[in-house]
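Numbering (our numbering), first residue to last: 651 to 1072.
Written as structure tokens, this is what we have:
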């Protein structure tokens, strides 16, 4: 009898032991369980230059927060990469995408984040039909990058960027200090040409007018004003005799080290400039032009890269909560703020984050952003806009076509091109 009781007791111990080992749940989906297993969440990062920082952060976050956080990067286009994950029913918990991807993916794949605290502390979140889906990771903006030391050396006077309002103001200093023009199609078309649309009172209506012929691009005041300014940059370009052969790194080195004083670009250019013996007296100012609409007091920019949280049944509610906690950590925790501003050298998109941005281009952008002096990006250009219109713009830069021909070829592009969903 005693042996029988002992056998029963041993059997019970064995069963209980197995139950304890199993943790009472399936860890395959990354969810936590009553057995105390960690919640596991994944992040897709599409910003290559911060991948190492993201990986280091994930390691520390996992240790401190008791959440298994893994970061992944792919060089494929965002939409193509994510579509393969959706097709295999293996979405990331959090995905970093471009603004246009939020508009195309959110309805089917993203969680409504309207009730989150951070929404009130940013002007850059993306909302669709009254629901907030896109968490802005950072702010980026573009304009004329200046090297104040180079300009002072050339002109003999301290440089005040706020004094440059008209194209003639820019010309007066460009003739003395020299300029650089990046020949890359993304700089010419996705950034400079895009300002022609962005600086209109209604970019959608403007593009529609080009498409249906009701607006003649060659006659548009903003187009001509911005092209007048571009002509100043082009005429004083250190590489004007071989503009299409100029290498970006050489141009940015010349700007950093003061051989030239001006270049159109954005705060992302600091990642190239800081590789050289740069002047710290640099910044970004608006693109001056002769249309009196206030644009000469504003940079063009806004949220750059957005997180969204997966809404599918492949992600558990527990994982979604962990993802929301992570986003709040970035905005409200000192370590999260430090990660954005100091570790990644990004300009924060949140008014409550008061850490000083260290690089001078980012500091300029933050000043304009804090003052509400940003003209919004137009985030719906066709995927082939920068390549096709960039090639047209390169012909203009190389003096192969004149302004009228340039306008005609851009108009021809829009005869068949369609803007993205929004």
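Heads up, the beta-carbon is just placed ideally off N, CA and C, and yes, glycines get one too.
Start-to-end residues for the beta strand (DSSP E) that takes in residue i
i	result
residue 733	No beta strand (DSSP E) holds residue 733; the alpha helix (DSSP H) holding it covers 728–737.
residue 745	744–747
residue 777	776–778
Distance CB(residue i)-CB(residue j) smaller than 8 Å
i	j	result
residue 873	residue 846	yes
residue 795	residue 905	yes
residue 591	residue 738	One cannot answer for residue 591 here, as it falls past the ends of the chain, which runs 651 to 1072.
residue 1051	residue 743	no
residue 798	residue 935	no
residue 1026	residue 915	no
residue 893	residue 1048	yes
residue 891	residue 902	no
residue 823	residue 911	yes
residue 761	residue 972	no
residue 1018	residue 787	no
residue 1035	residue 839	yes
residue 1006	residue 835	no
residue 768	residue 977	yes
residue 866	residue 1065	no
residue 814	residue 938	yes
residue 696	residue 721	no
residue 793	residue 949	yes
residue 1011	residue 886	no
residue 883	residue 812	no
residue 752	residue 954	no
residue 1046	residue 848	no
residue 691	residue 969	yes
residue 1039	residue 843	yes
residue 965	residue 741	yes
residue 878	residue 940	yes
Extent of the continuous alpha helix (DSSP H) to which residue i belongs
i	result
residue 1010	1010–1020
residue 848	844–848
residue 823	817–827
residue 1060	1053–1064
residue 805	798–805
For residue i, the residue or residues it bridges with in DSSP
i	result
residue 789	953 and 997
residue 719	691
residue 830	913
residue 814	Looking at the DSSP assignment, residue 814 forms no beta bridge with any residue, so it has no partner.
residue 1037	Bridge partners of residue 1037: none, in fact.
residue 760	960
Simplified DSSP state of residue i, which is helix, strand or coil
i	result
residue 937	coil
residue 682	Residue confidence for residue 682 is low, a pLDDT of 41 falling below 50, so the modelled location carries little weight and cannot support an answer.
residue 1046	helix
residue 1028	coil
residue 603	As displayed, the chain neither begins before 651 nor continues past 1072, which places residue 603 out of reach and without an answer.
residue 1006	coil
residue 782	strand
residue 840	helix
residue 700	helix
Any non-hydrogen atom of the ligand FAD within 7 Å of residue i CB
i	result
residue 732	Questions concerning the ligand FAD fall outside what the structure shown contains, since it holds no ligand whatsoever.
Residue i at chain C interface by Cβ criterion, 8 Å
i	result
residue 876	Note that chain C does not occur in the displayed structure, where there is just one protein chain.
Q | alpha helix (DSSP H) segments (min. 4 residues) lying fully within the region 850–934 | A | 853–862, 871–885, 898–906 and 920–923
**Item:** Every unbroken alpha helix (DSSP H) inside the region 954–989 [4 residues or more]
**Value:** 967–982 and 984–988
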